[in-house]
Amino acid sequence: MSNLSEKLKNCSEQELKDFNYFIDGMLEMPLINAIDEVIDCLEKPDYCEHYDTHWQFLKQSYIFITYRIEDDIKETKEVKTLFKKNSILIDLIKPIEFWLKIIKLSVNFYKCNEWDIKETYIRKPTIDFYHYSNSLHDAIYDELEARKKKND
10 MSNLSEKLKN
20 CSEQELKDFN
30 YFIDGMLEMP
40 LINAIDEVID
50 CLEKPDYCEH
60 YDTHWQFLKQ
70 SYIFITYRIE
80 DDIKETKEVK
90 TLFKKNSILI
100 DLIKPIEFWL
110 KIIKLSVNFY
120 KCNEWDIKET
130 YIRKPTIDFY
140 HYSNSLHDAI
150 YDELEARKKK
160 ND
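Going left to right, the sequence shown walks through residues 10 to 161 as the working numbering numbers them.
See below:
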């Protein structure tokens, strides 16, 4: 992550704060939680923690997950526009766009396949997306804290 830290040093404090706000929004209610609930329900239907029928739960989860993905994609485009003059932050946004597209395709595939999850491919890109977002958040937080200490 030292390479990331070096890149972040070239960003303004306001850009880092704005970018961190964007990342926080993605981490606030991670997709991984909603997707894990669906996978757990499908893998262990006798031990589900929801109160709906499985079909109702899957339908509601699909609506929530797809809405969340579309919302994240829309917000990512808006943030890209905001930082269009900062190639460093644009380069950090590209993997987020990539992971969101992969997750969207995976969710649509499972929905079309009536949630047959013999091979749970959907978990890997979701976990990778979550880890990438977390590492960005931590690096930005560390950089902002270092600047704060330097100014004090």
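All C-beta atoms in this analysis are idealised placements derived from N, C-alpha and C, irrespective of residue type, glycine included.
- In the structure shown, E87 falls within a helical segment according to DSSP collapsed to helix, strand and coil.
- Closest in alpha carbon position to E106, among I82, V88, I97 and E22, is I82.
- DSSP places P39 in the coil class of the three-state scheme, outside both helix and strand.
- Per the C-alpha coordinates, the member of I136, H146, K158 and D55 positioned closest to L13 is H146.
- Under a 10 Å Cβ-count criterion, P134 is classified as buried, with 16 or more other Cβ atoms of the shown protein chains found around its own Cβ.
- C20 and Y30 have their C-alpha atoms some 15 Å from each other.
- Ranked by Cα distance from F118, the first of M35, Y60, T75 and E24 is T75.
- In the DSSP annotation of this structure, the continuous segment of the alpha helix (DSSP H) that includes K157 starts and ends at R132 to N160.
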